[in-house]
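Sequence lines, in order, name chains L and R. Numbered by the numbering used here, the letters in the first sequence go through residues 1129 to 1380 in order. Numbered by the numbering used here, the letters in the second sequence go through residues 1129 to 1380 in order. To keep things clear, I will list the structure first and then write my remarks on it.
2 protein chains.
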Amino acid sequence: MSNIKPIGRFAPSNPGDGDGDEVRFCSTCAFGEVCLPVGYDKPALMDLHCLVEHVGPLHAGDHIFRSGEKFETIFAVRAGTVKTSMIDEEGREQILGFHLPGEMVGLNAIHPARYPCDAIALDTVYLCRFSFPALATLATRMPEIQQQLFRLLSADIGKAALLAGDHNANERMAAFLVLLADRFAARGFSATRFRLSMPRGDIANHLRLAPETVSRILRRFQDQGLIRVDERDVELLQPGQLRQLARCILPG
Amino acid sequence: MSNIKPIGRFAPSNPGDGDGDEVRFCSTCAFGEVCLPVGYDKPALMDLHCLVEHVGPLHAGDHIFRSGEKFETIFAVRAGTVKTSMIDEEGREQILGFHLPGEMVGLNAIHPARYPCDAIALDTVYLCRFSFPALATLATRMPEIQQQLFRLLSADIGKAALLAGDHNANERMAAFLVLLADRFAARGFSATRFRLSMPRGDIANHLRLAPETVSRILRRFQDQGLIRVDERDVELLQPGQLRQLARCILPG
DNA sequence: CGCAGCGCTTGATCCGCGTCATGGATTGAT
DNA sequence: ATCAATCCATGACGCGGATCAAGCGCTGCG
């Protein structure tokens, strides 16, 4: 159903207007600390802002990129949620992760030089689009950007390893909720009340569970007073307990 | 059992002797294409060789680094096998991966700025040791190095995702053997006959299986004529069949 | 020599979670 | 209004692989 229509574009960002709405968006971005003029000389920042292109709005089901396409750009999510997933030889989907505002998409494509997965909007999505060659070139002149890229890449290795471990359904589900809460919190959203932008089936897939199991565990968590679930709205009532459940998975 | 003795050191590499045994080692390394003088100006290469320190021999059980230690260096395996593993809150080991000659260790530590895992020699190991800050600085002057680091980091994201998927024991075991074979082949070793440098329990742990299951599956593969197993020596008799079994997991 | 300890294998049993089946609630198309 | 499609929930059942248990071969040590 999802179509191949060319992705919509905002007006390309004008380097001159970088201090208006930009700041509000960028302050939550993974690149915020290098994009925003915090103790950094203005002209260099212009270079970065110049190579950013705003993309959106995309709608649920739209593809940001597709598996196999030539890699040229990485994206930062400005609003909405993006899922990345691979389709294996058997045609089964394998969801690699969900990307919230402020998080990057496409870093796993640098090596193969082709996108190894699909990136799909789960709701209305706005993105910043970076030409990776241009960014890499800029990074040689701006060590902060190089460092930030190294950190982002390295962090993604850790994230990928988190849910790869040998843990049971309860632990994985708890870890998923807690990690989600932490990521929302890091971007300035509520850490205890949020809305799941993905269907149960996608959560299940990502956690290597059956959708039925996700339903049952959410029910059990609710019965135990750990959370409150209403459709896709979740409230963490006992974040500490949840964290305790997930402690084997969560980073240090 | 494994001790905290300071790691042994080779004589620091002398920039002047970089064309003797060095070439043989380096030609199999992940950094080989940038370390070796292939179409690259000599003086710049000297810079890279200067910041490399040779480490070894380490012996089975020796730690290269430990979880929680401050991150400063990444390592390339020159000989032997290194495993990286985390110990969770419950004290259970979680093996992230095995690193063969020519592969890098420590890239997942850039972000937290501390090593998130232990790195342990499985047999007699020789390493090249790179100061990461120095390497990053050099990378700003040598775009090839920056690119190579980006590629290595990005590739590790993909590797971490490979075995994270939802696959059964047969598929994971087959994928493990095939990936191992490919990695040996990429370094110039035989792709069909090799020796497992890790115990069954470590393979099992890495694949989220019980050691008993690993034994049984290897047995079954042998009964089916796919492989021949003798202790830790493995011969792939039907690499195509194995690859077929693992096709859901393997990249591209 | 005898014994302990470890790695590995193999068989028997058990359980977590997948699968299957059913039904309700929504949504959107006709 | 009707129907199809999607998403979610919940119960019944079965299977893959963990766990338990036992035994073998090897190594190191008293």
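Glycine residues also receive a C-beta, built at the ideal position from the N, C-alpha and C atoms. As the structure is a computational prediction, the values presented were derived from the model and not from experiment.
| Item | Value |
| --- | --- |
| Taking DSSP's pairing of strands, which residues face R:Tyr-1243 in a bridge? | In DSSP, R:Tyr-1243 forms no bridge with anything. |
| With H, G and I counted as helix, E and B as strand and the rest as coil, what does DSSP make of L:Glu-1181? | strand |
| In angstroms, rounded to a whole number, what distance separates the CA positions of R:Asp-1175 and L:Gly-1196? | 37 Å |
| When the Cα atoms are used, what is the spatial distance from L:Arg-1328 to L:Arg-1220? | 16 Å |
| Who are the Cβ neighbours of L:Leu-1365 in its own chain at under 7 Å, not counting the five residues just before and after it? | Gly-1353, Leu-1354, Ile-1355, Arg-1356 |
| Which chain L residues are close to R:Thr-1268, counting only those with a beta carbon under 7 Å from its beta carbon? | Thr-1268, Pro-1271, Gln-1274 |
| May I ask you to list, following chain order, the residues of the segment 1203 to 1214 of chain L that have a beta carbon less than 7 Å from some beta carbon of chain R? | none |
| What residues of chain R sit near L:Pro-1367, judged by a beta carbon separation below 7 Å? | Residues of chain R passing the Cβ test: none, with the nearest at roughly 17 Å. |
| Within its chain, find whatever has a CB closer than 6 Å to the CB of L:Arg-1323; leave out the 5 residues flanking it on each side and keep chain order. | Arg-1360, Asp-1361 |
| Which partner residues of R:His-1227 appear in the DSSP bridge assignment? | R:Val-1210 |
| Could you tell me which of L:Cys-1256, L:Cys-1376, L:Arg-1321, L:Lys-1287 sits nearest to L:Gly-1160, measuring between CA atoms? | L:Cys-1256 |
| Can you grab the Cα-Cα spacing for the pair R:Ile-1202 / L:Ala-1158, in whole Å? | 24 Å |
| Apart from the five residues just before and just after L:His-1295, which ones in its own chain have a Cβ nearer than 7 Å to its Cβ? | Cys-1376, Ile-1377 |
| May I ask you to list, following chain order, the residues of the segment 1276 to 1299 of chain R that have a beta carbon less than 8 Å from some beta carbon of chain L? | Leu-1277, Phe-1278, Arg-1279, Leu-1280, Leu-1281, Ser-1282, Ala-1283, Asp-1284, Ile-1285, Gly-1286, Ala-1288, Ala-1289, Leu-1291, Ala-1292, Gly-1293, Asp-1294 |
| Spatial neighbours of L:Leu-1179 within its chain, please: CB distance less than 8 Å, with the 5 preceding and 5 following residues excluded, ordered by chain position. | Phe-1258, Ser-1259, Ala-1262, Leu-1263, Leu-1266 |
| Using a C-beta cutoff of 8 Å, does L:Glu-1181 count as contacting chain R? | no |
| Could you say which of L:His-1182, L:Pro-1185, L:Asn-1333, L:Arg-1371 lies nearest to L:Val-1306 if we only look at CA atoms? | L:Arg-1371 |
| Compile a chain-ordered list of the residues in the segment 1239 to 1250 of chain L whose CB is closer than 9 Å to at least one CB of chain R. | His-1239, Pro-1240, Ala-1241, Arg-1242, Pro-1244, Cys-1245 |
| Spell out the partners DSSP gives L:Met-1232 in its beta bridges. | L:Ala-1204 |
| Between which two residues does the alpha helix (DSSP H) holding L:Cys-1163 run? | 1160 to 1163 |
| Could you tell me the boundaries of the alpha helix (DSSP H) in which L:Ile-1345 lies? | 1339 to 1351 |
| For the 8 Å Cβ check, are there 3 or more pairs between the segment 1206 to 1220 of chain R and the segment 1181 to 1189 of chain R? | yes |
| Could you check if L:Ala-1229 is buried or exposed, using at least 16 other CB atoms within 10 Å of its CB as the buried criterion? | The question names Ala, but residue 1229 of chain L is Pro in the sequence shown. L:Pro-1229 comes out buried. |
| Helix, strand or coil: which one does DSSP assign to L:Arg-1300? | helix |
| Whole-angstrom Cβ separation of L:Leu-1456 and L:Phe-1304, contact assumed at under 8 Å? | Here chain L comprises residues numbered 1129 to 1380, so residue 1456 of chain L is not present and cannot be evaluated. |
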